[in-house]
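The listed protein sequences derive, respectively, from chains X and G.
Residues 1 to 113 in our numbering are what the first sequence spells out, letter by letter.
Residues 1001 to 1111 in our numbering are what the second sequence spells out, letter by letter.
Where a beta carbon is used, it is the ideal one built from N, C-alpha and C, also for glycine.
Keep in mind it's a predicted model, so treat the numbers as computed, not measured.
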Amino acid sequence: ETGVTQSPTHLIKTRGQQVTLRCSSQSGHNTVSWYQQALGQGPQFIFQYYREEENGRGNFPPRFSGLQFPNYSSELNVNALELDDSALYLCASSPGSYNSPLHFGNGTRLTVT
Amino acid sequence: RKEVEQDPGPFNVPEGATVAFNCTYSNSASQSFFWYRQDCRKEPKLLMSVYSSGNEDGRFTAQLNRASQYISLLIRDSKLSDSATYLCVVTFNTGGFKTIFGAGTRLFVKA
């Protein structure tokens, strides 16, 4: 059974640029959610995709957008990067039931300079 | 008010101690409740789900009080390997699905 994989592991971008982060969900999981975790804080919910549709969104501006593909992998896109976007971005997959636990990838560390 | 609030910590305890973590949530429509553990520079991992009747897994006991909107985690006979950040997690589906994490409580278990 393949777990959740994220790429890249580290990324450095300049303010104003755009970034795309990728996530492959665990086999058999049709739901993917994305989180932003700043140092010393808990993960903040960005959004969730279920069967290619966004079905939940946290308090993030529209410049944070995403996609889920037919194989249930997912992308997180962030436009017009700001310094405060520097964080660990975590992707998690689950089998779709609301009470199913999340399986996280190792995360992508994004630094915006 | 934050949607999920936890004890700020950190907690410093000796091996063998019993330690309790507390968590409150603001959305009365919350559906599911979990405790996750996160080691330094690692991803969160599920410790246990929390059920209305309370549940136990070895040295770990979780309780849920829906009336008070309160969740707890008790660790008995603490081990050095229990040192980590413990995250309280709540899900709800009002105007869209959300999974909300608390800020976490750091635990240091000392020899």
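Looking at the C-beta of residue i, does it have a partner C-beta in chain G at a distance below 8 Å?
i: S45 (chain X); result: Looking at the sequence shown, residue 45 (chain X) is not Ser but Phe. Yes - at least one Cβ of chain G is within 8 Å of the one on F45 (chain X).
i: N79 (chain X); result: no
i: G105 (chain X); result: yes
i: L90 (chain X); result: yes
i: Q36 (chain X); result: no
i: Q48 (chain X); result: yes
i: N99 (chain X); result: yes
i: G56 (chain X); result: yes
i: Q26 (chain X); result: no
i: S33 (chain X); result: yes
i: Q18 (chain X); result: no
Just list the residues that DSSP pairs residue i with in beta bridges.
i: P1014 (chain G); result: G:K1110
i: V4 (chain X); result: BP columns for V4 (chain X) are empty, so no partner.
i: Y1051 (chain G); result: Answer is none; Y1051 (chain G) lacks a bridge partner.
i: L1074 (chain G); result: G:A1020, G:T1061
i: T1105 (chain G); result: G:Y1086
Under three-state DSSP, which class holds residue i?
i: L1080 (chain G); result: helix
i: D1039 (chain G); result: coil
i: D84 (chain X); result: helix
i: D1057 (chain G); result: strand
i: S1068 (chain G); result: coil
i: R57 (chain X); result: strand
i: N1093 (chain G); result: strand
i: L39 (chain X); result: coil
i: E1003 (chain G); result: coil
i: Q1063 (chain G); result: strand
i: N1022 (chain G); result: strand
i: H29 (chain X); result: coil
i: S1032 (chain G); result: strand
i: L102 (chain X); result: coil
With 8 Å as the threshold, decide whether the Cβ of residue i is near any Cβ in chain X.
i: E1015 (chain G); result: no
i: G1058 (chain G); result: no
i: A1103 (chain G); result: yes
i: E1005 (chain G); result: no
i: L1074 (chain G); result: no
i: F1097 (chain G); result: yes
i: Q1069 (chain G); result: no
i: Q1063 (chain G); result: no
i: F1034 (chain G); result: yes
i: P1010 (chain G); result: no
i: L1107 (chain G); result: no
i: S1028 (chain G); result: no
Could you please give the first and the last residue of the uninterrupted beta strand (DSSP E) stretch that includes residue i?
i: F1097 (chain G); result: 1097-1101
i: Q17 (chain X); result: Note, Q17 (chain X): premise wrong, no beta strand (DSSP E); not H, not E.
i: Y49 (chain X); result: 44-50
i: F64 (chain X); result: 64-68
i: N77 (chain X); result: 74-78
i: L110 (chain X); result: 108-112
Rounded to the nearest angstrom, how far is the Cβ of residue i from that of residue j, given a contact under 8 Å?
i: P43 (chain X); j: Y50 (chain X); result: Contact flag wrong, Cβ pair sits at about 19 Å.
i: Y1086 (chain G); j: F1021 (chain G); result: 5 Å
i: V1089 (chain G); j: T1105 (chain G); result: In fact, because the Cβ distance is near 13 Å, the residues do not count as touching under 8 Å.
i: L81 (chain X); j: Q18 (chain X); result: 7 Å
i: L76 (chain X); j: I46 (chain X); result: 7 Å
i: R1001 (chain G); j: S1028 (chain G); result: With 8 Å as the limit, R1001 (chain G) and S1028 (chain G) do not qualify as a contact, their Cβ atoms being about 13 Å apart.
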